[in-house]
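Counting from 1, one number per residue, gives the positions in the sequence shown under UniProt numbering.
Beta carbons: idealized from backbone N, C-alpha and C, even for Gly.
One structure is given below, encoded as structure tokens.
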Amino acid sequence: MELHCLTNDAALVRAVQKLNMGVLPVQPPRFCYRRAEKDKHRLSWAAVVDGEIVSGAAVADLELERSGLRTVQLRTLAVSAPFRRQGIGRKLVMKIIEQAKELGKGEDGDKIQGVRLHVHAGNDEALAFYKALGFVEKARVENYYRHLEPSTAFVMEYPLH
Numbered sequence: 001m002e003l004h005c006l007t008n009d010a011a012l013v014r015a016v017q018k019l020n021m022g023v024l025p026v027q028p029p030r031f032c033y034r035r036a037e038k039d040k041h042r043l044s045w046a047a048v049v050d051g052e053i054v055s056g057a058a059v060a061d062l063e064l065e066r067s068g069l070r071t072v073q074l075r076t077l078a079v080s081a082p083f084r085r086q087g088i089g090r091k092l093v094m095k096i097i098e099q100a101k102e103l104g105k106g107e108d109g110d111k112i113q114g115v116r117l118h119v120h121a122g123n124d125e126a127l128a129f130y131k132a133l134g135f136v137e138k139a140r141v142e143n144y145y146r147h148l149e150p151s152t153a154f155v156m157e158y159p160l161h
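Below is the structure:
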């Protein structure tokens, strides 16, 4: 398994979009994919097996918070069912955390707060996965998922400081 960056790779971005359509109950907005393809920070990755199969993917970008702090937002994480429990999701998330730490060493580094994501309140497996990686619950957002029950999301963060 190799990790391939989505930046400047339209075909890989389309393959990730197809993976997400088959795995995720809620699809991210299209801007997430456009950002992934053009991201100068190279924060979005696909796990590729045998040089062609997209087995998993993580789409992330750098976002400015209202408070003036910046976070890396993990927009999606998906691993195809036959490839689960092989460490692929963990490798994808850890790659993004490593990159966030590297960005934090730059000129604006003290302003990068952490890596954030939203998790469906009913997804106990995902909540346990992220907590095991060091993410902590920061907030609860009611009515975040309009088409899922419960509609609540937890905001999770991997703090960089």
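Alpha-carbon spacing of residue i relative to residue j, whole angstroms
i      : j      : result
Arg70  : Asp39  : 15 Å
His161 : Val115 : 11 Å
Ala46  : Glu142 : 31 Å
Arg30  : Ser44  : 14 Å
Leu127 : Arg140 : 13 Å
Met1   : Gly68  : 37 Å
Arg42  : Val54  : 18 Å
Thr152 : Gln86  : 29 Å
Contact check, residue i vs residue j, beta carbons under 9 Å
i     : j      : result
Met94 : Val119 : no
Ala78 : Val136 : no
Glu52 : Gln113 : no
Leu74 : Leu117 : yes
Leu3  : Lys91  : yes
Gly56 : Gly104 : no
Residue i, buried or exposed, once every other Cβ within 10 Å from all chains shown has been counted against 16
i     : result
Gly22 : exposed
Counterpart residues of residue i in DSSP-defined beta bridges
i      : result
Leu62  : Val72
Leu117 : Met156
Ala46  : His4 and Ala57
Val79  : Gly56
Ala139 : Val155
Cut-off 7 Å between Cβ atoms - residues of its own chain near residue i, not counting five sequence neighbours on either side
i     : result
Val26 : Tyr145, His147 and Leu148
Val13 : Leu6, Tyr33, Ala36 and Glu37
Residue i Cβ short of 8 Å to the ligand ATP heavy atom set
i     : result
Leu92 : By its list of ligands, the structure shown contains no ligand whatsoever, and the ligand ATP lies outside what it can speak to.
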